[in-house]
Amino acid sequence: MGAIFKRELKAYFTSPIGFSILIIFYLFSGLFFSVYFQSGSPDLSGIFSTLFYIVLVLIPILTMRLFSEDKRQKTDQLLLTAPVKLTAIVLGKFLAALTVFGIAMGIMVVYQILVSFFLAPDWLVFVGNLLGMLLFGGSLIAMGLFISALTESQVVAAITTFAVELAMVLIDLLSGILPSGTFFSKALVWLSVYDRYTSFTYGTLDYANVVFFLSLTFIFLLLTTMVNDRRRYA
Amino acid sequence: MIEVQHLVKKYGSNVAVKDVSFTIHDGEIVGFLGPNGAGKSTTMNIITGYLSATSGTVKINDYDILEQPELAKRSIGYLPELPPLFLDMTVKEYLNFVYDLKKTRLPRTPHLNEIVKLVRIENVYNRLIRNLSKGYRQRVGIAQALVGNPSVLILDEPTVGLDPQQIIEIRNLIAQLGRNHTVILSSHILSEIQAVCERIIIINQGYQIADDTAAGLSARLSDDHAVTVRIVAPPREAKTMLETLPGVLSVQVTGMHSGATEFKVDPRPGADVCRLIADRAMAKKWPVVALFTNELTLEDIYIRMVNEDPEKLAAQHASEAPLGDDAADEAVSADGIPVEQVPAEEAPAEEQQEEA
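Protein chains in written order, with numbering that gives the first Met the number 0: chain A, 0 to 233; chain B, 0 to 355.
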């Protein structure tokens, strides 16, 4: 797992992908920060909730090449014939992407520290926000990883991942149209990623949400492993 | 040691590999021969655990590739058809990555340096793989397979894309590695297989149609040591002359070649008819334009076998298989035998090279 993690992390920064993601993220978060900072509140929750959409755009770029490129270049033959467990390969790649995502999120810590020079922030709320972002991002990365394992094309992986993310957000709109209280609308609300994520930015820590995102991550990592294993029998 | 038992691989209704079985003992170099799409790469992919067989088992050093994949894979070095290279890494980074990936326990720097020297990639060690030529990429691919010093090497067309000088180098390298590794080597270059391999397995349309030494294959197929002779003479008289020679079983006219008649003469085993034919023709003042024994080269054997019905050959092979296995076991148990066999088989290969 270590070897694959190291190789993938390095690959992000030998190609423009890693830097592009960091630059785009720092740019937008900086923009939001400069606006919120003037409002005089020490609470960065507003930035976190706005970043939701930026993350939706960045995740597909982060995950698109993880498995698809290996399949296209046939380097999966090296990985799958090495004395390594399939789960280790999947986890190595997942953690590498999560690390880049974490490095991007790290800038929020810098902003919060900057704020703390002037106003006393509620650190617990901040930690909750950050945790929410990492859980939310992690589940999307696992999903992107899974979609990347289904195709040989990075572009197809990126577009499909983005489409699925959009569908997840659109579920919310749909639940607004449906008569409330019915089973179907309840189910949609339960599935809403947006609601569950924004709940973190309100300063509440609902364990149901933590478990929801962790389960989502686990399910997609499991599916990725299964898809790769299944491929041998094709 | 590699044990492959009744391997079958189906892609939907298309059967790529049909009941392939063989055992390869330590220190053997075995050539995999077959036309494109015969199932060579598929078989290799199954042996290395990249693909799963529809049925059948593969054991590497007694570890089943499906039941104990990590232990089995630990002793395999695999060079697939397309070397699995990360183009965004330097050769050094790449080999270090493979070293970590394979969880190698040998001392890192000396081990990698040794491999780099062996496949001669010292001068590109710090270059990006993306910028390397095909020949160098192929060598990096071989280097990758050697990392961790696995006891079994599986090389799918290792000399593709190399220039003639490099091909000879790589062949020598494989022969050298064969001394303390078990090697399976696929190729469609017959002279290569002949030069390097002690044993040849021929696969066609998924069927395993032969598993023998080059000499054994030759002996099996050239059932007749027929003699071809071209004489400038009245065909009927010449035929009668040939038929009356001692030791001749039958004579056939096989064609005309610029005034000379070509005959195929079937002699009794052990009879030296060439000399007789020459003497008699000379006595009659008939010019002999050509006179030779029909010996089959590996190429002839290959073409013949590949053009025959693979199913029939496979069935024939299967019926012989138990005998073949026993013979192989004997050869291993009696230490002297394989040592004696090696020079005997190398000799014809050398002769051929000299002719070429």
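Glycine included, C-beta positions come from ideal geometry on N, C-alpha and C.
Looking at the structure shown, is residue i part of a helix, part of a strand, or coil, going by DSSP?
| i | result |
| --- | --- |
| B:Ala326 | Confidence at B:Ala326 is low in this model, with a pLDDT of 41, below 50, so its placement is unreliable and no value can be given for it. |
| A:Ser147 | helix |
| B:Ile120 | coil |
| B:Phe96 | helix |
| B:Gln207 | strand |
| B:His256 | strand |
| A:Ala95 | helix |
| A:Ser184 | helix |
| B:Gly32 | Checking the sequence shown, residue 32 of chain B turns out to be Leu, not Gly. Strand at B:Leu32. |
| B:Val226 | strand |
| B:Val90 | helix |
| B:Ile75 | strand |
| B:Asp18 | strand |
| B:Thr103 | coil |
| A:Thr13 | helix |
| B:Ile64 | coil |
| B:Arg138 | helix |
| B:Ile188 | coil |
| B:Asp334 | Legend: pLDDT at B:Asp334 = 40, less than 50; position of this residue unreliable, no value from coordinates given. |
| B:Arg198 | strand |
| B:Pro321 | Confidence at B:Pro321 is low in this model, with a pLDDT of 47, below 50, so the placement of that residue should be treated as unreliable; the coordinate-derived value is given next. Helix, per DSSP. |
| B:Pro342 | Residue confidence for B:Pro342 is low, a pLDDT of 42 falling below 50, so the modelled location carries little weight and cannot support an answer. |
| A:Gly127 | helix |
| A:Lys254 | Residue 254 of chain A lies beyond the range of chain A shown here (0 to 233); nothing can be said about it. |
| A:Met132 | helix |
Based on Cα-Cα distance, which residue from the options lies nearest to residue i?
| i | options | result |
| --- | --- | --- |
| A:Thr62 | A:Gln111, A:Ser38, A:Leu165, A:Met142 | A:Met142 |
| A:Ser28 | A:Val155, A:Ala103, A:Met225, A:Gly137 | A:Ala103 |
| A:Ile58 | A:Ser174, A:Phe100, A:Ser198 | A:Phe100 |
| B:Val90 | B:Leu312, B:Lys58, B:Thr47, B:Arg129 | B:Arg129 |
| B:Pro157 | B:Gly55, B:Gln251, B:Thr22, B:His187 | B:His187 |
| A:Asn208 | A:Trp189, A:Phe31, A:Val226 | A:Trp189 |
| B:Arg136 | B:Gln204, B:Leu189, B:Pro82 | B:Pro82 |
| A:Leu43 | A:Phe32, A:Ser138, A:Leu134 | A:Phe32 |
| B:Asn112 | B:Asp99, B:Thr253, B:Lys102, B:Leu94 | B:Leu94 |
| B:Val202 | B:Glu307, B:Gly11, B:Glu66 | The residue you asked about is not Val; residue 202 of chain B is Ile in the sequence shown. The option with the nearest alpha carbon to B:Ile202 is B:Glu307. |
| B:Val123 | B:Met255, B:His110, B:Lys17, B:Ala142 | B:Ala142 |
| B:Cys196 | B:Gly177, B:Val159, B:Ala209 | B:Gly177 |
| A:Phe24 | A:Pro41, A:Ser40, A:Met107 | A:Met107 |
| A:Val163 | A:Leu139, A:Ile112, A:Gly175 | A:Leu139 |
How would you list, in chain order, the residues of chain A whose beta-carbon sits under 8 Å from the beta-carbon of residue i?
| i | result |
| --- | --- |
| B:Arg73 | Pro82 |
| B:Phe85 | Arg6, Ala10, Gln72, Thr74 |
| B:Leu6 | Going along chain A, no residue has its Cβ under 8 Å from B:Leu6, so there is no contact; the nearest lies around 14 Å. |
| B:Glu69 | Pro82, Val83, Lys84 |
Taking 7 Å as the line, does the beta carbon of residue i fall inside it for any heavy atom of the ligand ZN?
| i | result |
| --- | --- |
| B:Thr53 | As for the ligand ZN, it is missing from this structure, which has no ligand bound. |
Counting along the chain, where does the alpha helix (DSSP H) carrying residue i start and finish?
| i | result |
| --- | --- |
| A:Thr159 | 153–176 |
| A:Thr200 | 192–200 |
| B:Pro157 | Looking at the DSSP string, B:Pro157 is not in any alpha helix (DSSP H), and its letter there is neither H nor E. |
| B:Asn44 | 39–46 |
| B:Asn130 | Neither: B:Asn130 is in no alpha helix (DSSP H) and is coded neither H nor E. |
| A:Leu79 | 75–79 |
| A:Leu55 | 44–62 |
| A:Val83 | Run containing A:Val83: none; DSSP gives neither H nor E here. |
| B:Val305 | 297–306 |
| B:Ala277 | 272–282 |
Tell me which residue opens and which closes the beta strand (DSSP E) that residue i is part of.
| i | result |
| --- | --- |
| B:Tyr10 | 1–10 |
| A:Phe219 | Premise fails: A:Phe219 lies in the alpha helix (DSSP H), 206–230, not in any beta strand (DSSP E). |
| B:Ala289 | 287–292 |
| B:Ile59 | 54–59 |
Can you check DSSP and say which residues form a bridge with residue i?
| i | result |
| --- | --- |
| B:Asn13 | B:Tyr10 |
| B:Gln251 | B:Lys263 |
| B:Val182 | B:Ile28, B:Leu152 |
| B:Ile23 | B:Ile1 |
What in chain B is Cβ-close to residue i, meaning under 7 Å?
| i | result |
| --- | --- |
| A:Tyr232 | Ser51 |
Using a cut-off of 7 Å between C-beta atoms, extract the partners of residue i located in chain A.
| i | result |
| --- | --- |
| B:Tyr77 | Thr80 |
| B:Lys101 | Ala81, Pro82 |
Find the residues of chain A that neighbour residue i, judging by a C-beta separation of less than 9 Å, and give them in chain order.
| i | result |
| --- | --- |
| B:Lys133 | In chain order: nothing, as chain A lies at least about 15 Å away. |
| B:Thr47 | Gln76, Leu79, Thr80 |
| B:Glu156 | Neighbours of B:Glu156 on chain A: none; closest Cβ ~14 Å, over 9 Å. |
Interface residues of chain B around residue i at Cβ under 9 Å?
| i | result |
| --- | --- |
| A:Lys70 | Neighbours of A:Lys70 on chain B: none; closest Cβ ~11 Å, over 9 Å. |
| A:Ser14 | Asp87 |
| A:Gly1 | Asp99 |
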